[in-house]
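J.: Shown below is the structure under consideration.
In this note's numbering, the protein residues as written are 138 to 324.
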């Protein structure tokens, strides 16, 4: 059996999170499929020019929405609200859970952000820190904890489970480091 659901204007997004199928209709906002009926999510129509790009299960009954126009948002009990400090990360394409406390956020034009559960930035990766491109289209975490970024013009690997990171601020102009120190058993 095949069922067709025709929107009043056009469907612009569909995804699944927290065992719910979500779809965004261009003019009338976000809908959830319940009992074979598309039901509007009330607060989505009050957000002008909302453009959802991804949905991810964030916590029980909380969905993290990525938006090209409004940064990161949460959907809980039918209400869509800005996700704390991460609301200001624009052009978000996708989010991916890295571990219990950490998320990676892909952006269309500003690289990848690693944030905590409260939306605070842990670090930001972009062309100046070594990515081939600022256009991150997808994120994948492998079984070793590494983060793979699908870029507009290549693939980058972030050895996230490695204590040693490549640090090369542009002010150093690829200069060599000649010293390291162990202090209180930390490199």
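By construction, the Cβ of each residue, glycine as well, lies at the ideal position given by its N, Cα and C atoms. The model shown is predicted, which means the values in this text are computed figures rather than measured ones.
(1) Less than 6 Å between C-beta atoms, sequence neighbours within five positions excluded: which residues of the same chain meet that for residue 192?
(2) Select from 197, 179, 165, 175 the residue whose C-alpha is nearest the C-alpha of residue 186.
(3) Would you be able to state if there are at least three C-beta pairs under 8 Å between the stretch 248-266 and the stretch 211-218?
(4) Going by Cα to Cα distance, which pick from 282, 295, 274, 291 is closest to residue 237?
(5) Can you tell me which of the three DSSP states residue 138 falls into?
(6) Can you name, in chain order, every residue of its own chain whose Cβ lies under 6 Å from the Cβ of residue 195, other than the five neighbours on each side?
(7) Per DSSP, what kind of secondary structure is residue 190 in: helix, strand or coil?
(8) Could you tell me which of 321, 157, 234 sits nearest to residue 256, measuring between CA atoms?
(9) How about residue 268 and residue 289: do their beta carbons lie closer than 8 Å?
(10) Please state if the CB of residue 189 and the CB of residue 241 are separated by a distance shorter than 8 Å.
(11) Of all the CB atoms in chain B, is at least one closer than 8 Å to the CB of residue 246?
T.: In short, the structure shows the following:
(1) Here residue 192 refers to the residue found at position 55 of the chain shown. Excluding sequence neighbours, residue 192 sits near 152, 154, 159, 200, 202.
(2) Reading the chain shown from its first residue, position 49 is the one you call residue 186. Measuring from the Cα of residue 186, the nearest candidate turns out to be 165.
(3) no
(4) For the purposes of this step, residue 237 is taken as the residue at position 100 of the chain shown. Answer by Cα proximity: 282.
(5) In the chain shown, counting from the first residue as 1, residue 138 sits at position 1. Coil, per DSSP.
(6) Mapped onto the chain shown, residue 195 falls at position 58. Result list for residue 195: 201, in chain order.
(7) Here residue 190 corresponds to residue number 53 of the chain shown, with the count starting at 1. Strand at residue 190.
(8) On the chain shown, residue 256 is found 119 positions in, with the first residue counted as 1. Minimum Cα distance to residue 256 is reached at 234.
(9) One-based indexing of the chain shown puts residue 268 at position 131. One-based indexing of the chain shown puts residue 289 at position 152. No, these two residues do not count as a Cβ contact at 8 Å.
(10) Taking the chain shown and counting its residues from 1, one reaches residue 241 at position 104. Taking the chain shown and counting its residues from 1, one reaches residue 189 at position 52. Result no, Cβ atoms of residue 241 and residue 189 do not sit closer than 8 Å.
(11) Absent here is chain B; the protein component of the structure consists of one chain.
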